[in-house]
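Each residue of the sequence shown is one higher than the one before, counting from 1469 in this note's numbering. A short worksheet on the structure shown next.
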Amino acid sequence: MAHEVITMASGSIETGSTDLKISIEGDSKMPFWNHDLKVKAILALLDSIDVKHYHEDGLIKEANESYEQIIEYAK
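The following block contains the structure:
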């Protein structure tokens, strides 16, 4: 059975850093392309989004535009 590790590290309130780093490790059934691992990472990223933060930050329009873009890319 394959085991994947997807790590997300975000910035710091103390330092003001807004960087986001994403790391994907695991065995791929597509060793050259790794598309299967990319899909798992995409799903993990989508699952990590908390929509209420868009509302709290007054970014509802941006959230809706992002949703539309995600849906379009998924087609």
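Just so you know, even glycine gets a beta-carbon here, dropped at the ideal spot from N, CA and C.
{"Check": "May I ask which residues mark the beginning and end of the beta strand (DSSP E) holding I1474?", "Outcome": "1472-1480"}
{"Check": "If we count the other Cβ atoms within 10 Å of its Cβ and call it buried at 16 or more, is L1505 buried or exposed?", "Outcome": "buried"}
{"Check": "Is S1485 helix, strand or coil when you go by DSSP?", "Outcome": "strand"}
{"Check": "Name the one or two DSSP bridge partners that E1540 has.", "Outcome": "BP columns for E1540 are empty, so no partner."}
{"Check": "Where does the unbroken alpha helix (DSSP H) through I1510 begin, and where does it stop?", "Outcome": "1503-1516"}
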